[in-house]
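Colleague: After the structure tokens below, expect a handful of questions from me.
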Amino acid sequence: MALMDQQQIEPDAVKKRPDALQRHLTSRQIQFIAIGGSIGTALFVSIGYALMHGAASLLVAFILQACIMAQVNSSLAEMTIFMPVSAAFIQHASVWVDGAWGFMIGWNFCVFEGLLIPFEITALDMVLSFWRDDIPAAAVISACIVLYAITNLFGVKYFGEAEFWLAGGKLLLIIILFLFTFITMVGGNPQHDAYGFRNWSKPSPFVEYISTGNLGRFQGVLAALWQAGFTIVGPEYLACVAGEAQHPRKTLKAAFKSVYWRFGVFFIGGAICVGIILPANDPTLLSVLGAGDTGTGASSPYVIAMTNMGVEVLPDLVNALLFTSIYSAGNAYVYTTSRSLHGLAQNGHAPKIFRKCTKDGVPIYCLAVALAFACLSFLKLGSGSVQVLTWLTNLITGGTVVTYIVVCVNYIFFHRALKAQGFSRTELPYRGYFQPYGTWVALIWLLGVEIFYGYAVFLKGRWDIGSFFSDYTMAFLAIATFVGWKICKRTRFVRPQEADLVWARPAIDAHEAVMEETLRTKWGGGRSTGTWMV
Numbered sequence: 001m002a003l004m005d006q007q008q009i010e011p012d013a014v015k016k017r018p019d020a021l022q023r024h025l026t027s028r029q030i031q032f033i034a035i036g037g038s039i040g041t042a043l044f045v046s047i048g049y050a051l052m053h054g055a056a057s058l059l060v061a062f063i064l065q066a067c068i069m070a071q072v073n074s075s076l077a078e079m080t081i082f083m084p085v086s087a088a089f090i091q092h093a094s095v096w097v098d099g100a101w102g103f104m105i106g107w108n109f110c111v112f113e114g115l116l117i118p119f120e121i122t123a124l125d126m127v128l129s130f131w132r133d134d135i136p137a138a139a140v141i142s143a144c145i146v147l148y149a150i151t152n153l154f155g156v157k158y159f160g161e162a163e164f165w166l167a168g169g170k171l172l173l174i175i176i177l178f179l180f181t182f183i184t185m186v187g188g189n190p191q192h193d194a195y196g197f198r199n200w201s202k203p204s205p206f207v208e209y210i211s212t213g214n215l216g217r218f219q220g221v222l223a224a225l226w227q228a229g230f231t232i233v234g235p236e237y238l239a240c241v242a243g244e245a246q247h248p249r250k251t252l253k254a255a256f257k258s259v260y261w262r263f264g265v266f267f268i269g270g271a272i273c274v275g276i277i278l279p280a281n282d283p284t285l286l287s288v289l290g291a292g293d294t295g296t297g298a299s300s301p302y303v304i305a306m307t308n309m310g311v312e313v314l315p316d317l318v319n320a321l322l323f324t325s326i327y328s329a330g331n332a333y334v335y336t337t338s339r340s341l342h343g344l345a346q347n348g349h350a351p352k353i354f355r356k357c358t359k360d361g362v363p364i365y366c367l368a369v370a371l372a373f374a375c376l377s378f379l380k381l382g383s384g385s386v387q388v389l390t391w392l393t394n395l396i397t398g399g400t401v402v403t404y405i406v407v408c409v410n411y412i413f414f415h416r417a418l419k420a421q422g423f424s425r426t427e428l429p430y431r432g433y434f435q436p437y438g439t440w441v442a443l444i445w446l447l448g449v450e451i452f453y454g455y456a457v458f459l460k461g462r463w464d465i466g467s468f469f470s471d472y473t474m475a476f477l478a479i480a481t482f483v484g485w486k487i488c489k490r491t492r493f494v495r496p497q498e499a500d501l502v503w504a505r506p507a508i509d510a511h512e513a514v515m516e517e518t519l520r521t522k523w524g525g526g527r528s529t530g531t532w533m534v
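So for the sequence shown, the UniProt record's numbering puts the first residue at 1; every next one is plus one.
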């Protein structure tokens, strides 16, 4: 049976609704939005936490997590490119798995993305203290919230353009840091010391954590793995923009494919660089991170290494680019929070008022909720701001893992539906790798991470009620929302033969046809070109 057969398309299917999201994002904007959302404080600053457990522990953890995330990306890409709707994995969960499943992941994702906003704003304020510590935090937070509102208020094409240039700063920062690592390790530093991989063995490639011996080294890898789960993210942001892509199937396919090399170059490359430039037992690193000061530029392993080597000027440049990097990440989280809430409303899982969009396609009330999350940044003004940041990190990591578990379950149901209804995967616009076996491996791995993420609090003498709830609140929230909605609404799991594999396709196919014709006309009737600069 042909899965992508042409259907009779009604003309109204391609009309712009004045109260709906609008497809204005170009390929280049989508690529950089994905970078903007996936690369932030964690890769440049918080990665130091993983380094404390040894350079080898850091690298092993990042490679393992990147491999699992590559499989999650494979699953999400196949579903999203086939059905590129707004907040794709949230709507996929409702239509292909269970209404309660969609309710659960929608609110889980909305909450943890919302929590990322104050995390980045707080880090942004701390970065400024690298130069001056007398800047009023309230003023910085207020200005940041206003700028986020302006950037997101005037239509997605303006947001996309802003994110394109902001994320470009992140790419520049990564290039600078990689070059700094290579040049200094071969002797291009004020001491003319070709230190190579010397720092890998200081004090040990695998540093003991909690216990001693091999068990302690294994626990060190686990601790680094938890940090990798907070750092290595990204494909979900592409799913969020699917409903606003100009040429969804073509541009999303290119964007999802780029995620694989992004994991390898940015995240694994970043882990290698950090392990090269700084030993795990560096006194400054241990002092700064021991105090919980993970938001300042001075706590970045790169800046610490530059200071240790006596490199001048470059720390200021890195900190300036770090500032734009963190701002960009927060900007992306405002966007994804508002779109996930809009997706919930579209499925009837949030009040109808959140479906309302401006004439420019901005879900205005959803944006207001996202900015309300940003106001949590004012908690920094209290004396316990360091503890708040720690709790936010743990909550965010737990929520991230829940999201990827849902993506895997979505794919398993999607794959079953294809087989049950006689559809061939060879006719899909994109086919993921190693399916469905790779998804099962990723699902089992992620369930293990979610269960054992906070295992340390159960060890003798390490119980802490705050750590327990910050580690497991998002898991408890997921279970409670799923079971609660299922009982209240009496939903049932979708049978494979009943799953709706047509759903939004008529409107999407019509839009794709219009875009193809537009490109064909634009380029003189010849073969349509790529849409990178469209």
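Glycine included, every Cβ here is placed at the ideal spot set by N, Cα and C.
#1: Enumerate, from N- to C-terminal direction, the unbroken alpha helix (DSSP H) stretches of 4 or more residues contained entirely within the region 300-376.
#2: Along the chain, where does the alpha helix (DSSP H) that runs through V146 open and close?
#3: Straight-line CA distance for I364 to M185?
#4: Taking 8 Å as the cut-off, does the region 198-211 touch the region 322-338 (at least 3 CB pairs, one atom from each stretch)?
#5: Taking the alpha helix (DSSP H) that residue 535 falls in, what are its first and last residues?
#6: Output yes or no for whether 8 Å exceeds the beta carbon distance between F119 and Y302.
#7: Hey, how far is the Cα of A100 from the Cα of A93?
#8: If you run the structure through DSSP and keep just helix, strand and coil, what is residue 535?
#9: Looking only at its own chain, which residues have a Cβ that is under 6 Å from the Cβ of E244, when we skip the five neighbours before and after it?
#10: Tell me the residue span of the alpha helix (DSSP H) that contains L379.
#11: If the criterion is Cβ atoms closer than 8 Å, does the pair N108 and M515 meet it?
#12: Taking 8 Å as the cut-off, decide whether the C-beta atoms of L225 and L341 are in contact.
#13: L459 by DSSP, collapsed to three states: which one?
#14: Counting only runs that start and end within the region 482-528, where is the alpha helix (DSSP H) found for 4 or more residues in a row?
#15: If you run the structure through DSSP and keep just helix, strand and coil, what is residue 603?
#16: Can you give me the start and stop residues for the alpha helix (DSSP H) that G269 sits inside?
#17: With 16 other CB atoms within 10 Å as the buried threshold, where does E312 fall?
#18: Once you ignore the five residues that flank L321 on each side, which residues in its own chain have a CB closer than 8 Å to its CB?
#19: Is the beta carbon of T231 less than 8 Å from the beta carbon of F267?
#20: Restricting to Cα atoms, I'd like to know which of Y158, H415, A88, A374 is closest to C240.
#21: According to DSSP, is M533 part of a helix, a strand, or is it coil?
#22: Is there contact here, the region 52-60 with the region 270-288, by at least three beta-carbon pairs under 8 Å?
#23: Roughly how many angstroms separate the alpha carbons of F413 and W96, rounded to a whole number?
#24: Taking contact to mean at least 3 C-beta pairs separated by less than 8 Å, is the region 429-440 in contact with the region 501-509?
#25: What's the gap between the Cα of L115 and the Cα of P436?
#26: Distance, Cα to Cα, E78 vs N199?
#27: State whether the region 125-143 contacts the region 349-362, with contact taken as three or more CB pairs (one from each stretch) at a distance under 8 Å.
#28: Tell me whether F154 is buried or exposed, calling it buried when 16 or more other Cβ atoms sit within 10 Å of its Cβ.
#29: Kindly indicate the opening and closing residues of the alpha helix (DSSP H) around S86.
#30: When you compare only the Cα positions, how much space is there between W391 and C375?
#31: CB-CB under 6 Å to D360, same chain, minus the five flanking residues each way: which ones, in chain order?
#32: Going by other Cβ atoms of all chains shown within 10 Å of its Cβ, with 16 needed for buried, is N152 buried or exposed?
#33: Once DSSP output is grouped into helix, strand and coil, what is the label at W131?
#34: Measure the C-alpha to C-alpha separation of V441 and D133 and round it to an integer number of angstroms.
#35: Just to confirm, is the Cβ distance from F32 to F164 under 8 Å?
#36: For L395 and S470, what's the separation of their Cα atoms in angstroms?
Modeller: Answer, in terms of the structure:
#1: Under the rule that a run must span 4 or more residues, the alpha helix (DSSP H) segments found entirely inside the region 300-376 read 301-309, 314-346, 364-374.
#2: On the sequence shown, position 146 is the one that residue 146 refers to. Boundaries of the alpha helix (DSSP H) around V146: 137-153.
#3: Counted from its first residue, the sequence shown places residue 364 at position 364. Counted from its first residue, the sequence shown places residue 185 at position 185. Cα to Cα, the separation comes out at about 50 Å.
#4: With the cut-off at 8 Å, the region 322-338 and the region 198-211 do not touch.
#5: In the structure as shown, the chain begins at 1 and stops at 534. Residue 535 is therefore absent and cannot be evaluated.
#6: Working through the sequence shown from its first residue, we reach residue 119 at position 119. Working through the sequence shown from its first residue, we reach residue 302 at position 302. Not in contact: F119 and Y302 (Cβ atoms no closer than 8 Å).
#7: Position 100 of the sequence shown, counting from 1, holds the residue named residue 100. Position 93 of the sequence shown, counting from 1, holds the residue named residue 93. Using only the alpha carbons, I get a separation of about 9 Å.
#8: Shown here, the chain extends from 1 to 534; a query on residue 535 therefore has no answer.
#9: Indexing the sequence shown from 1 puts residue 244 at position 244. Same-chain partners within the cutoff: L21, R23, L25, V156.
#10: By one-based count along the sequence shown, residue 379 stands at place 379. First-last for L379: undefined, no H or E at that position.
#11: Locating residue 108 in the sequence shown gives position 108, counting from the first residue. Locating residue 515 in the sequence shown gives position 515, counting from the first residue. No. Outside cutoff.
#12: If you number the sequence shown from 1, residue 225 lands on position 225. If you number the sequence shown from 1, residue 341 lands on position 341. For the 8 Å CB-CB criterion, L225 and L341 do not form a contact.
#13: Position 459 of the sequence shown, counted from the start, is the residue given in the question as residue 459. L459: coil per DSSP, three-state reduction.
#14: As far as the region 482-528 is concerned, its whole alpha helix (DSSP H) runs of at least 4 residues are 505-522.
#15: What the structure shows of the chain is the stretch from 1 to 534, and residue 603 is not part of that stretch, so it cannot be assessed.
#16: One-based indexing of the sequence shown puts residue 269 at position 269. Per DSSP, G269 belongs to the alpha helix (DSSP H) from 269-277.
#17: As a position in the sequence shown, residue 312 is number 312, starting the count at 1. Burial call: exposed.
#18: As a working note, residue 321 is residue 321 in the sequence shown. G169, K170, L172, L173, I176, listed in sequence order.
#19: For this step, residue 231 is matched to residue 231 along the sequence shown. For this step, residue 267 is matched to residue 267 along the sequence shown. Yes, the pair counts as a contact, with Cβ atoms nearer than the cut-off.
#20: Indexing the sequence shown from 1 puts residue 240 at position 240. Scanning Y158, H415, A88, A374 for the CA closest to the CA of C240 turns up A88.
#21: The residue labelled residue 533 in the question sits at position 533 within the sequence shown. The predicted model places M533 with a pLDDT of 39, which falls under 50 and marks its position as unreliable; any figure quoted below should be read in that light. Secondary structure of M533 (DSSP, three-state): coil.
#22: Contact between the region 52-60 and the region 270-288 is present: three or more C-beta pairs spanning the two stretches fall below 8 Å.
#23: Counting from 1 along the sequence shown, the entry for residue 413 is found at position 413. Counting from 1 along the sequence shown, the entry for residue 96 is found at position 96. Going from the Cα of F413 to the Cα of W96 covers about 6 Å.
#24: Verdict: no, contact absent.
#25: As a position in the sequence shown, residue 115 is number 115, starting the count at 1. As a position in the sequence shown, residue 436 is number 436, starting the count at 1. Rounded to whole angstroms, L115 and P436 show a C-alpha spacing of 32 Å.
#26: Position 78 of the sequence shown holds residue 78. Position 199 of the sequence shown holds residue 199. Cα-Cα distance, rounded: 41 Å.
#27: The region 125-143 vs the region 349-362: no contact.
#28: Locating residue 154 in the sequence shown gives position 154, where the first residue counts as 1. Residue burial is scored here from C-beta neighbours: F154 has fewer than 16 other C-beta atoms within 10 angstroms and is therefore classed as exposed.
#29: Here residue 86 refers to the residue found at position 86 when the sequence shown is read from its first residue. No alpha helix (DSSP H) contains S86, which DSSP labels as neither H nor E.
#30: Translated into positions along the sequence shown, residue 391 becomes position 391. Translated into positions along the sequence shown, residue 375 becomes position 375. Between the alpha carbons of W391 and C375 lies a gap of roughly 17 Å.
#31: In the sequence shown, counting from the first residue as 1, residue 360 sits at position 360. Contacts found: G155.
#32: Position 152 of the sequence shown holds residue 152. Buried, by the Cβ-count rule.
#33: Taking the first residue of the sequence shown as 1, we reach residue 131 at position 131. Looking at W131 - three-state DSSP - the assignment turns out to be coil, as it is neither helix nor strand.
#34: The count along the sequence shown starts at 1 and reaches residue 441 at position 441. The count along the sequence shown starts at 1 and reaches residue 133 at position 133. In this model, V441 and D133 are separated by some 48 Å (Cα to Cα).
#35: Here residue 32 corresponds to residue number 32 of the sequence shown, with the count starting at 1. Here residue 164 corresponds to residue number 164 of the sequence shown, with the count starting at 1. Taking 8 Å as the Cβ cut-off, F32 and F164 qualify as a contacting pair.
#36: On the sequence shown, position 395 is the one that residue 395 refers to. On the sequence shown, position 470 is the one that residue 470 refers to. Cα-Cα distance, rounded: 5 Å.
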